[in-house]
Amino acid sequence: MPNFFALIPAAGSGSRMGDKLPKQYLSLAGKPMIYHALRRLCHSPRISCVFVVIASGDGEWLRYDWSEFSGKLVVLECGGETRAESVLNGLKASQGISSIGDDDWVLVHDAARPCLSEKQLDKLMDELAEDGVGGLLAVPVADTLKRSDTHGRVEHTESRENLWQAQTPQMFRYKLLREALSGVGGVTMTDDAGAIEALGLRPKLVLSDARNLKVTYPQDLALAELILGNP
Ligand code: CTP
Ligand code: MG
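Take the sequence shown: its position 136, counted from the start at 1, is 147 in our numbering, and no numbers get skipped.
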């Protein structure tokens, strides 16, 4: 039986947040933001080990006490220039220091998604455990979509039929994900599924909901706190 591992890329700078502190360390419900994603993954009895990829020279990580996760948490100081590079570096580094094998599942989850529920996490693992490709949590697009011209005027309305917003975790087998991210199509992708798609495979969309939001802009912080306070 393949085991489940988790990997949290946390080597970004949070440029759209506009704070000098990288957003994964901004205070959210009394903890650094990344704490919430870490806690959710570390508390899952089905996940054997959680890797966190931080930027090299990250001076912030060591300012907090992570001992409640010891035994499950492994920190890898090998962040890259892009998210894809951080994930790939983390996958490579994890091999030498854990029992991770080619067919084991890796759940890649953004540090910037603090509101993932236990139910969403379990649903992802349940729906994909027997899958040949793997997949991701996602939500059907609810808003009407407009395509703009270069002057900020509507060129046309896009159909939202069959359009989904990708979330994380995204769950793929170790070897396949590593190969996908190493390929030419992989490095440019903003998510892991994109790299798998570039190999011609079709990741499965597992229905999630908007509560698993990504904190990108300052105004997302208050919403995330509200969701965390009302599980
Ligand atoms: N990430 C990473 N390495 C990078 C870039 C991003 O590990 N070189 C991580 C972020 O820390 C975050 C996740 O990937 O947990 C999703 O990225 P995003 O929300 O875009 O975060 P940032 O890149 O930090 O923010 P921004 O794009 O606004 O700069
Ligand atoms: Mg980014």
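In this text, a Cβ means the ideal position worked out from N, Cα and C, and glycines have one as well. On a predicted model such as this, the values are computed, not experimentally measured, just so you know.
{"Query": "Just checking my contact of D220 with V150 at CB under 8 Å: how many whole Å lie between their CB atoms?", "Result": "6 Å"}
{"Query": "Suppose the cutoff is 8 Å on Cβ atoms and the five residues either side in sequence are ignored; what does the same chain contact list for S67 look like?", "Result": "E88, C89 and G90"}
{"Query": "Just checking R94 against the ligand MG - is the residue's beta carbon closer than 8 Å to any of the ligand's heavy atoms?", "Result": "yes"}
{"Query": "Between S97 and the rest of its own chain, which residues show a CB-CB distance below 7 Å, the 5 nearest in sequence each way excluded?", "Result": "P20, A22, V64, G90 and G91"}
{"Query": "For A17, which option in W116, D231 and T155 has the closest C-alpha, if you only look at C-alpha atoms?", "Result": "W116"}
{"Query": "Is the beta carbon of L235 within less than 8 Å of some heavy atom of the ligand CTP?", "Result": "First, the amino acid is wrong: residue 235 is Ala here, not Leu. The answer is no for A235."}
{"Query": "Contact between the stretch 111-125 and the stretch 172-191 is defined here as three or more beta-carbon pairs at a separation below 8 Å; is this criterion met?", "Result": "yes"}
{"Query": "Mind checking whether S110 and V85 have CB atoms under 9 Å apart?", "Result": "no"}
{"Query": "By DSSP, does H167 sit in helix, in strand, or in coil?", "Result": "strand"}
{"Query": "For the ligand MG, I want to know if S97 counts as a neighbour, meaning its beta carbon is within less than 8 Å of at least one of the ligand's heavy atoms.", "Result": "no"}
{"Query": "Between L135 and V226, how many whole angstroms is the CB-CB distance? I'm expecting something under 8 Å.", "Result": "Rounded, the Cβ-Cβ distance is 20 Å, inconsistent with contact."}
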